[in-house]
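A quick write-up on the structure given underneath.
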Amino acid sequence: MNFEVLDDFNGLKMSFISNNSGGYISKNKYLFEKIELTHLNQFILEQAVFGTPIFKLGSGGVNILMISGIHGNELPSQLASLRLLNELINTKLENTVYIIPFAAPKATMNNERTLNSRDLNRSAHIKNSLSNLIMQAIDELDVNFVGDFHSTAKNSNPGFESVFSSRNPSPESCLIANYISAQMGSKVISFEFAGKIYKGAVEDVCNLKGVPAVTGEVLSPFALVGKGSDEKSLMQMKSFLSYFGIFFKK
(Lines of atoms letter the chains of each structure in order from A; the text may use other names.)
(Lines give C-alpha, C1' and ligand atoms only; values in the text may rest on other atoms or scores of the structure.)
Protein backbone atom coordinates (compact mmCIF):
# COMPACT_ATOMS: atom_id res chain seq x y z
CA MET A 2 0.00 0.00 0.00
CA ASN A 3 1.52 3.30 -1.11
CA PHE A 4 0.94 6.38 1.05
CA GLU A 5 1.11 9.92 -0.29
CA VAL A 6 2.62 12.56 1.98
CA LEU A 7 0.28 15.52 2.46
CA ASP A 8 2.59 18.47 2.96
CA ASP A 9 -0.29 20.81 3.85
CA PHE A 10 -1.07 18.76 6.97
CA ASN A 11 2.17 18.31 8.94
CA GLY A 12 3.28 15.30 6.94
CA LEU A 13 0.02 13.37 7.30
CA LYS A 14 -0.01 10.46 4.83
CA MET A 15 -2.94 9.05 2.85
CA SER A 16 -3.81 6.02 0.77
CA PHE A 17 -7.02 4.23 -0.25
CA ILE A 18 -8.51 0.95 0.92
CA SER A 19 -10.90 0.87 -2.04
CA ASN A 20 -11.79 3.07 -4.98
CA ASN A 21 -15.26 1.56 -5.33
CA SER A 22 -16.89 2.86 -2.16
CA GLY A 23 -16.83 6.63 -2.60
CA GLY A 24 -19.62 9.00 -1.74
CA TYR A 25 -20.46 12.64 -1.13
CA ILE A 26 -20.49 12.97 2.66
CA SER A 27 -21.96 16.46 2.24
CA LYS A 28 -25.20 14.87 0.98
CA ASN A 29 -25.80 13.44 4.46
CA LYS A 30 -27.17 16.62 6.02
CA TYR A 31 -27.43 15.08 9.50
CA LEU A 32 -23.67 14.53 9.54
CA PHE A 33 -22.48 17.37 7.34
CA GLU A 34 -24.17 20.07 9.42
CA LYS A 35 -22.07 18.93 12.41
CA ILE A 36 -18.69 18.93 10.62
CA GLU A 37 -16.39 21.87 11.23
CA LEU A 38 -15.05 22.69 7.77
CA THR A 39 -11.37 22.94 8.63
CA HIS A 40 -8.91 22.75 5.75
CA LEU A 41 -8.19 19.12 6.68
CA ASN A 42 -11.85 18.14 6.94
CA GLN A 43 -12.63 19.69 3.56
CA PHE A 44 -9.76 17.70 2.07
CA ILE A 45 -10.97 14.44 3.65
CA LEU A 46 -14.52 14.98 2.35
CA GLU A 47 -13.12 15.60 -1.13
CA GLN A 48 -11.09 12.38 -0.99
CA ALA A 49 -14.06 10.33 0.26
CA VAL A 50 -15.73 10.95 -3.10
CA PHE A 51 -13.11 8.67 -4.66
CA GLY A 52 -13.30 5.76 -2.19
CA THR A 53 -12.28 4.79 1.34
CA PRO A 54 -9.29 6.89 2.44
CA ILE A 55 -6.90 5.73 5.16
CA PHE A 56 -4.59 8.16 6.94
CA LYS A 57 -1.26 7.50 8.60
CA LEU A 58 0.31 9.50 11.42
CA GLY A 59 3.57 8.98 13.29
CA SER A 60 6.11 6.22 12.84
CA GLY A 61 7.72 3.45 14.85
CA GLY A 62 6.31 1.83 17.97
CA VAL A 63 3.19 -0.29 17.61
CA ASN A 64 0.88 -0.03 14.61
CA ILE A 65 -2.65 0.97 15.61
CA LEU A 66 -5.72 1.15 13.35
CA MET A 67 -8.91 3.04 14.20
CA ILE A 68 -12.02 2.62 12.07
CA SER A 69 -15.38 4.36 11.96
CA GLY A 70 -18.29 4.17 9.55
CA ILE A 71 -18.42 0.41 9.05
CA HIS A 72 -22.16 1.08 9.34
CA GLY A 73 -22.84 4.22 7.32
CA ASN A 74 -25.79 5.36 9.43
CA GLU A 75 -23.80 5.34 12.68
CA LEU A 76 -22.70 8.95 12.59
CA PRO A 77 -21.13 9.90 15.97
CA SER A 78 -17.90 7.96 15.48
CA GLN A 79 -17.41 9.32 11.97
CA LEU A 80 -17.70 12.86 13.27
CA ALA A 81 -15.39 11.98 16.17
CA SER A 82 -12.78 10.55 13.79
CA LEU A 83 -12.52 13.87 11.99
CA ARG A 84 -12.07 15.69 15.28
CA LEU A 85 -9.43 13.15 16.32
CA LEU A 86 -7.47 13.54 13.09
CA ASN A 87 -7.44 17.32 13.47
CA GLU A 88 -5.94 16.92 16.94
CA LEU A 89 -3.49 14.16 16.06
CA ILE A 90 -1.77 16.07 13.26
CA ASN A 91 -0.53 18.43 15.99
CA THR A 92 0.44 15.66 18.43
CA LYS A 93 3.90 14.13 18.67
CA LEU A 94 3.53 10.37 18.26
CA GLU A 95 5.93 7.59 19.15
CA ASN A 96 3.62 4.96 17.67
CA THR A 97 2.08 4.63 14.21
CA VAL A 98 -1.63 5.43 14.01
CA TYR A 99 -3.81 4.64 11.00
CA ILE A 100 -7.32 6.11 10.82
CA ILE A 101 -10.20 5.27 8.50
CA PRO A 102 -12.76 8.01 9.24
CA PHE A 103 -15.31 6.85 6.65
CA ALA A 104 -15.12 3.12 5.96
CA ALA A 105 -17.91 3.25 3.39
CA PRO A 106 -18.47 6.83 2.18
CA LYS A 107 -21.27 5.74 -0.16
CA ALA A 108 -23.18 4.20 2.75
CA THR A 109 -22.56 7.32 4.84
CA MET A 110 -23.78 9.52 1.99
CA ASN A 111 -27.01 7.50 1.84
CA ASN A 112 -27.25 7.33 5.66
CA GLU A 113 -27.62 3.55 5.34
CA ARG A 114 -26.34 0.75 7.55
CA THR A 115 -25.23 -1.41 4.63
CA LEU A 116 -23.09 -0.86 1.54
CA ASN A 117 -24.79 -2.21 -1.58
CA SER A 118 -27.05 -4.27 0.73
CA ARG A 119 -24.05 -5.88 2.48
CA ASP A 120 -23.49 -5.51 6.23
CA LEU A 121 -19.76 -4.82 6.43
CA ASN A 122 -19.67 -6.01 10.04
CA ARG A 123 -20.86 -9.45 8.99
CA SER A 124 -18.60 -9.84 5.97
CA ALA A 125 -15.00 -9.17 7.01
CA HIS A 126 -14.28 -12.85 6.30
CA ILE A 127 -15.72 -12.71 2.76
CA LYS A 128 -12.94 -12.27 0.21
CA ASN A 129 -12.75 -8.79 -1.28
CA SER A 130 -15.76 -7.37 0.53
CA LEU A 131 -14.93 -3.83 1.64
CA SER A 132 -14.41 -4.91 5.24
CA ASN A 133 -12.24 -7.78 3.99
CA LEU A 134 -10.15 -5.24 2.08
CA ILE A 135 -9.65 -3.51 5.43
CA MET A 136 -8.52 -6.87 6.84
CA GLN A 137 -6.09 -7.22 3.93
CA ALA A 138 -4.70 -3.76 4.75
CA ILE A 139 -4.31 -4.83 8.40
CA ASP A 140 -2.14 -7.70 7.18
CA GLU A 141 -0.15 -5.59 4.73
CA LEU A 142 0.51 -2.79 7.24
CA ASP A 143 1.34 -5.24 10.03
CA VAL A 144 -1.25 -3.62 12.31
CA ASN A 145 -0.89 -4.72 15.94
CA PHE A 146 -4.14 -3.39 17.46
CA VAL A 147 -7.54 -2.32 16.12
CA GLY A 148 -10.31 -0.13 17.50
CA ASP A 149 -13.58 -0.20 15.55
CA PHE A 150 -15.97 2.56 16.64
CA HIS A 151 -19.75 2.42 16.25
CA SER A 152 -22.97 3.74 17.76
CA THR A 153 -26.06 1.94 18.99
CA ALA A 154 -29.64 3.09 19.47
CA LYS A 155 -31.97 2.36 22.37
CA ASN A 156 -33.87 -0.93 21.94
CA SER A 157 -31.21 -2.21 19.52
CA ASN A 158 -28.18 -4.43 20.11
CA PRO A 159 -26.53 -3.65 22.50
CA GLY A 160 -28.55 -0.50 23.14
CA PHE A 161 -26.15 1.12 25.61
CA GLU A 162 -22.63 2.55 25.72
CA SER A 163 -20.24 -0.38 25.69
CA VAL A 164 -17.01 -1.97 24.50
CA PHE A 165 -17.06 -5.40 22.84
CA SER A 166 -14.10 -7.73 23.34
CA SER A 167 -13.25 -11.42 23.49
CA ARG A 168 -11.03 -13.46 25.80
CA ASN A 169 -9.72 -15.89 23.17
CA PRO A 170 -7.64 -16.20 21.11
CA SER A 171 -6.43 -12.59 21.69
CA PRO A 172 -6.77 -11.92 25.43
CA GLU A 173 -5.39 -8.39 25.18
CA SER A 174 -8.73 -7.50 23.58
CA CYS A 175 -10.25 -7.83 27.06
CA LEU A 176 -7.46 -5.84 28.70
CA ILE A 177 -8.08 -2.93 26.33
CA ALA A 178 -11.85 -3.08 26.87
CA ASN A 179 -11.43 -3.15 30.65
CA TYR A 180 -9.05 -0.20 30.44
CA ILE A 181 -11.56 1.89 28.46
CA SER A 182 -14.34 0.87 30.84
CA ALA A 183 -12.31 1.89 33.88
CA GLN A 184 -11.58 5.27 32.32
CA MET A 185 -15.05 6.25 31.17
CA GLY A 186 -17.59 3.72 32.41
CA SER A 187 -18.47 2.04 29.12
CA LYS A 188 -19.88 -1.41 29.92
CA VAL A 189 -17.65 -4.30 28.86
CA ILE A 190 -19.27 -6.99 26.73
CA SER A 191 -16.80 -9.86 26.60
CA PHE A 192 -17.17 -13.15 24.76
CA GLU A 193 -15.23 -16.29 25.59
CA PHE A 194 -14.16 -16.87 21.99
CA ALA A 195 -14.13 -14.47 19.06
CA GLY A 196 -16.56 -15.10 16.22
CA LYS A 197 -18.85 -17.54 18.03
CA ILE A 198 -21.75 -15.11 18.39
CA TYR A 199 -21.18 -12.81 15.41
CA LYS A 200 -19.58 -14.02 12.19
CA GLY A 201 -17.68 -11.58 10.03
CA ALA A 202 -17.35 -8.65 12.43
CA VAL A 203 -14.13 -6.71 11.90
CA GLU A 204 -13.27 -6.98 15.60
CA ASP A 205 -13.81 -10.75 15.67
CA VAL A 206 -11.88 -11.46 12.49
CA CYS A 207 -8.99 -9.39 13.87
CA ASN A 208 -9.01 -11.26 17.18
CA LEU A 209 -9.13 -14.61 15.38
CA LYS A 210 -6.03 -13.55 13.42
CA GLY A 211 -4.18 -12.69 16.63
CA VAL A 212 -4.63 -8.92 16.31
CA PRO A 213 -6.24 -7.69 19.56
CA ALA A 214 -9.29 -5.59 18.74
CA VAL A 215 -12.26 -3.96 20.44
CA THR A 216 -15.51 -2.40 19.25
CA GLY A 217 -16.63 0.82 20.92
CA GLU A 218 -20.33 1.68 21.03
CA VAL A 219 -21.91 4.98 22.09
CA LEU A 220 -25.62 5.69 22.39
CA SER A 221 -27.25 7.67 19.58
CA PRO A 222 -30.30 7.31 17.32
CA PHE A 223 -29.34 5.70 14.04
CA ALA A 224 -28.86 8.15 11.15
CA LEU A 225 -28.45 11.07 13.58
CA VAL A 226 -25.81 12.52 15.87
CA GLY A 227 -27.42 12.27 19.31
CA LYS A 228 -26.62 15.08 21.73
CA GLY A 229 -23.11 14.59 23.09
CA SER A 230 -22.66 11.24 21.32
CA ASP A 231 -19.78 12.42 19.15
CA GLU A 232 -17.98 13.69 22.25
CA LYS A 233 -18.51 10.30 23.93
CA SER A 234 -17.14 8.52 20.87
CA LEU A 235 -14.12 10.83 20.82
CA MET A 236 -13.54 10.04 24.50
CA GLN A 237 -13.62 6.30 23.72
CA MET A 238 -11.09 6.83 20.93
CA LYS A 239 -8.78 8.86 23.15
CA SER A 240 -9.10 6.29 25.92
CA PHE A 241 -8.19 3.55 23.42
CA LEU A 242 -5.11 5.52 22.34
CA SER A 243 -4.09 6.26 25.93
CA TYR A 244 -3.79 2.49 26.50
CA PHE A 245 -0.77 2.75 24.18
CA GLY A 246 0.63 5.84 25.90
CA ILE A 247 -0.83 8.38 23.47
CA PHE A 248 -2.21 11.30 25.45
CA PHE A 249 -3.70 14.66 24.51
CA LYS A 250 -3.26 18.10 26.01
CA LYS A 251 -6.30 19.17 28.02
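Going by the numbering used here, the sequence shown opens with residue 2, and the numbers climb by one from there. Heads up, the beta-carbon is just placed ideally off N, CA and C, and yes, glycines get one too.
What residue does the alpha helix (DSSP H) around glutamate 193 start on, and which one ends it?
-> Here residue 193 refers to the residue found at position 192 when the sequence shown is read from its first residue. Not the alpha helix (DSSP H): glutamate 193 falls in the beta strand (DSSP E), residues 188-194.
Spatial distance of alanine 49 from glycine 23 (CA atoms) | Position 48 of the sequence shown, counted from the start, is the residue given in the question as residue 49. Position 22 of the sequence shown, counted from the start, is the residue given in the question as residue 23. Between alanine 49 and glycine 23, the C-alpha separation is close to 5 Å.
Could you name the residues that DSSP lists as bridge partners for glycine 148?
-> Numbered from 1 along the sequence shown, position 147 holds the residue referred to as residue 148. Paired residue(s): Met67 and Val215.
Whole beta strand (DSSP E) elements within the stretch 82-155, 3-residue minimum = 97-101 and 146-153
Do the CB positions of alanine 125 and glycine 73 come within less than 8 Å of each other?
-> Stepping through the sequence shown from its first residue, residue 125 is reached at position 124. Stepping through the sequence shown from its first residue, residue 73 is reached at position 72. No.
May I have the straight-line CA-CA distance separating phenylalanine 33 from asparagine 11, to the nearest angstrom?
-> What you label residue 33 is simply residue 32 of the sequence shown in a count that begins at 1. What you label residue 11 is simply residue 10 of the sequence shown in a count that begins at 1. Their backbone Cα atoms lie some 25 Å apart in a straight line.
Helix, strand or coil at isoleucine 18 [DSSP, three-state] = Walking along the sequence shown from the start, residue 18 turns up at place 17. Of the three classes helix, strand and coil, the one that applies to isoleucine 18 here is strand, per DSSP.
If you draw a straight line from the alpha carbon of valine 219 to that of glycine 186, how long is it in whole angstroms?
-> Residue numbering aside, residue 219 sits at position 218 when the sequence shown is read from its first letter. Residue numbering aside, residue 186 sits at position 185 when the sequence shown is read from its first letter. Distance between the alpha carbons of valine 219 and glycine 186: 11 Å.
Hey, quick one: how far does the beta strand (DSSP E) through asparagine 169 stretch, first residue to last?
-> The residue given as residue 169 occupies position 168 in the sequence shown. According to the DSSP assignment, asparagine 169 belongs to the beta strand (DSSP E) that extends over 163-169.
Could you tell me whether the stretch 224-233 touches the stretch 76-87, where touching means 3 or more Cβ pairs closer than 8 Å?
-> yes
To which residues of the same chain is proline 159 closer than 7 Å at the C-beta, ignoring the five residues directly before and after it?
-> Sequence index remark: in the sequence shown, residue 159 carries index 158 (1-based). Excluding residues within five positions, the ones whose Cβ falls inside 7 Å are Thr153, Ile190 and Glu218.
With burial defined as no fewer than 16 other Cβ atoms inside 10 Å of the residue's Cβ, what is the status of glutamate 75: buried or exposed?
-> As a first step, residue 75 is located in the sequence shown; it is residue number 74 there, counting from the start. With 16 or more other Cβ atoms within 10 Å, it is buried.
Leaving out five residues before and five after asparagine 133 in sequence, what residues of the same chain have Cβ atoms less than 6 Å from its Cβ?
-> Position 132 of the sequence shown, counted from the first residue, corresponds to residue 133. Counting only Cβ-Cβ distances below 6 Å, and skipping sequence neighbours, we find Ala125 and Ile127.
Spatial neighbours of alanine 202 within its chain, please: CB distance less than 6 Å, with the 5 preceding and 5 following residues excluded, ordered by chain position.
-> Position 201 of the sequence shown, counted from the first residue, corresponds to residue 202. The residues are Asn122.
Using beta-carbon positions only, say whether valine 98 and glycine 59 come within less than 8 Å of one another.
-> Along the sequence shown, one-based indexing puts residue 98 at 97. Along the sequence shown, one-based indexing puts residue 59 at 58. Their beta carbons are under 8 Å apart, which means valine 98 touches glycine 59 by this criterion.
Tyrosine 244: buried (16+ other C-beta within 10 angstroms of its C-beta) or exposed?
-> Reading the sequence shown from its first residue, position 243 is the one you call residue 244. Burial call: buried.
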